[in-house]
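Accompanying notes for the structure given below.
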Ligand code: NAP
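Residue numbers (this note's numbering): 1 to 308.
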């Protein structure tokens, strides 16, 4: 058995507490030995105000997980890669496609691994959906991702700022699944609803088509109260597929064919250990590229102001 990877965590906030710390605590492949955050702290390990101070004080670190909002991730990632540390990027991997391309090149130049993590891709029924669709003839697909921003992202100003992506912050999770299970596709039109007091959209309707002409639609809404929907549907010659619950449950013609408890972050850390040990990177930019394309091609529609 290899030695545990000595890892540090940067940007201690909601996702670190909800997912990264519990996943790392249970994983024998890692030893969490330091954290860096301006305000957040992790108990029982040394904490530093920023990544530079952490890397100076703890040179034995081999890897870092960067969990701050995407607008502030590039500089930290560059610093870590230049110091020859393996880097785990929370999703979305950056605020622009080109900065992540640059990080990919820096990882290769420094001989370390870069992981653009897409947690929803590791939802329990995603592989089963991919298998089902690979053996079926698809006639159309639809993504419906509708949740209540006040419930899931209270007081997160960064998410509404430029580079925070607004409703595409959850929407990119849908795209990380869709780009894994559906044929390659591209956006043909989009309408993005921007609240008059915000820099990012609260809803969007996006049309894609695949190279062989299949229509795929995506409906994102951040004002959905009551039941939340994180669903991908496909009509196929083998039946109507519904991948629901953010990728946790797969049904065909109403019959559940795969459902199990989620373990997305333990699986992400397993994958990260695998790429570190194989000295490769895993950086798929397809979901981020679609978001960039939606902002590039989308019509801007101004809607009522949003207040938390
Ligand atoms: P968050 O709690 O608002 O932010 C994480 C931490 O980043 C903050 O606590 C803050 O720590 C640091 N940070 C904030 N602004 C910063 C800045 N200007 N410069 C440097 N650091 C800053 O956000 P989160 O919900 O954990 O999300 C972080 C990332 O994880 C996002 O990319 C998000 O899409 C992704 N993610 C979130 C969820 C979720 O359910 N929340 C799920 C999956 C993935 P300090 O103030 O201590 O520096």
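Even for Gly, the Cβ is constructed at its ideal location relative to N, Cα and C.
Here the structure is a predicted model, which means the values were calculated and not measured.
So is the beta-carbon of residue i under 8 Å away from any non-hydrogen atom of the ligand NAP?
i, result
"residue 90", "yes"
"residue 245", "no"
"residue 146", "no"
"residue 16", "yes"
"residue 72", "yes"
"residue 322", "Nothing in the structure corresponds to residue 322, since the chain is present only between 1 and 308."
"residue 169", "yes"
"residue 156", "yes"
"residue 267", "no"
"residue 152", "yes"
"residue 11", "yes"
"residue 68", "yes"
"residue 40", "yes"
"residue 119", "yes"
Taking all protein chains shown into account, do 16 or more other C-beta atoms lie within 10 angstroms of the C-beta of residue i, making it buried, or fewer, making it exposed?
i, result
"residue 213", "exposed"
"residue 44", "exposed"
"residue 171", "buried"
"residue 309", "Residue 309 cannot be examined here, being either before or after the span of the chain that is shown, 1 to 308."
"residue 132", "buried"
"residue 173", "buried"
"residue 218", "buried"
"residue 20", "buried"
"residue 125", "buried"
"residue 88", "buried"
"residue 256", "exposed"
"residue 253", "exposed"
"residue 105", "exposed"
"residue 111", "exposed"
"residue 186", "exposed"
Return the Cβ separation of residue i and residue j in integer angstroms, given the expectation that the two are a contact with Cβ distance under 8 Å.
i, j, result
"residue 246", "residue 123", "6 Å"
Looking at the C-beta of residue i, does it have a partner C-beta in chain B at a distance below 9 Å?
i, result
"residue 82", "Among the chains in the structure shown there is no chain B, since it carries only a single protein chain."
Touch test, the stretch 227 to 242 against the stretch 140 to 153, Cβ-Cβ under 8 Å, three pairs minimum: yes
At least 3 beta-carbon pairs within less than 8 Å: the stretch 114 to 123 vs the stretch 177 to 196: yes
The stretch 147 to 165 in contact with the stretch 38 to 57 per 3-pair CB rule at 8 Å: no
Stretch-stretch touch, CB-based, cutoff 8 Å, three pairs: the stretch 31 to 40 with the stretch 270 to 286: no
Stretch-stretch touch, CB-based, cutoff 8 Å, three pairs: the stretch 88 to 102 with the stretch 21 to 36: no
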